[in-house]
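First the structure, in the form of structure tokens, and then the observations on it.
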Amino acid sequence: MIYKIFLHTALLLASFVTPEVRESKPEIATITKELSFEAKANNTYNTLNLGKFEKPELRSFTKALEGYYQLKEKGLVKNDILTIVDFSLSANKKRMWVIDMTTNTVLMHSLVAHGRNTGDVFAKNFSNASESYKSSLGFYLTGETYTGKHGMSLKLDGLEKGVNDNARNRAVVIHGADYVSDSFIKNNSRLGRSLGCPAVPRELTKQLISTIKDKSCLYIYHPSRDGIAPANFVS
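Each residue of the sequence shown is one higher than the one before, starting from 4 at the first, in this note's numbering.
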């Protein structure tokens, strides 16, 4: 409540700052912009159309939204879908959200695997290196579909230099897998793991890939990168 009052007051005061003062004190404009984004992000989060699904965590949602807007501004996003993978959560929980940004509606909420060398139940270690069998964090654009050994799959282009920009060379893709299922968790006490791909339940694969393909934004979050701005986006 106190934060909301502070935010409202800051925005109100900022509205009275003249253009001349803003020009002479660019930090005021920066603070106003940050406050405006925070308010917009909170409003978008609080008005999500969830249907039968659960909400993502606010911190992962806010980071994802910030990058999504930047990529939209650069003209890189062509499909207004935002997919969030939250690796702060247990692999045994549904930690992937697919959101239609034109209607602010959660379309899917799913289990998703991380790489076998990234961790057991919780994701801890990440890499951009080939043959690491680890997941990579950060922002991606979805690419084209193809049919491979896992059936229908979706190529990904990592957008953060040194963080995930080796994704296509590593063949980090979205694909379906039998080890991403409630039954696997029941029999093994944890979800199965991939070679670094964000693998999804086999029965959801075609619907999910058809929804997010062709240059939508995918964001893989972990709190280890909190406070770190996205690396320069690779266009």
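All residues carry an ideal CB built from backbone N, CA and C; glycine is no exception. Model, not experiment: these values are computed from the prediction.
Worksheet item: Roughly how many whole angstroms lie between the Cα atoms of D181 and K97?
Response: The alpha-carbon atoms of D181 and K97 are separated by roughly 15 angstroms.
Fill in: Distance between I212 and K158 (C-alpha atoms, nearest Å)
Their backbone Cα atoms lie some 10 angstroms apart in a straight line.
Discussion item. Can you give me the C-alpha to C-alpha distance between S156 and F64, rounded to a whole angstrom?
Written reply: Their backbone Cα atoms lie some 25 angstroms apart in a straight line.
Worksheet item: Identify the residues that DSSP records as bridge partners of C200: which are they?
Response: According to DSSP, which records beta bridges pairwise, C200 is partnered with nothing at all.
Item to complete: Return the Cβ separation of A116 and R196 in integer angstroms, given the expectation that the two are a contact with Cβ distance under 8 angstroms.
Response: With a Cβ gap of about 6 angstroms, A116 and R196 count as contacting.
Discussion item. Looking only at its chain, what residues have a beta carbon closer than 8 angstroms to the beta carbon of K218, apart from the 5 residues adjacent to it on each side?
Written reply: Here the set comprises L79, V80, K81, N82, L144, T145, G146.
Discussion item. Using CA atoms only, rank isn't needed, just tell me which of G154, M111, V166, T150 is closest to N128.
Written reply: For N128, the nearest C-alpha among the options comes from V166.
Practice prompt. Assuming P201 contacts I177 (C-beta within less than 8 angstroms), just tell me the rounded distance between them.
Written response: The pair is a contact, with the Cβ atoms about 6 angstroms apart (cut-off 8 angstroms).
Discussion item. Pull the bridge partners of Y224 from the DSSP assignment, please.
Written reply: In DSSP, Y224 forms a bridge with D89.
Worksheet item: For A94 versus V124, is the C-beta distance shorter than 7 angstroms?
Response: Contact: yes.
Worksheet item: Taking the C-alpha atoms as reference points, what is the distance between P233 and S192?
Response: When rounded, the separation of the alpha-carbon atoms in P233 and S192 is 34 angstroms.
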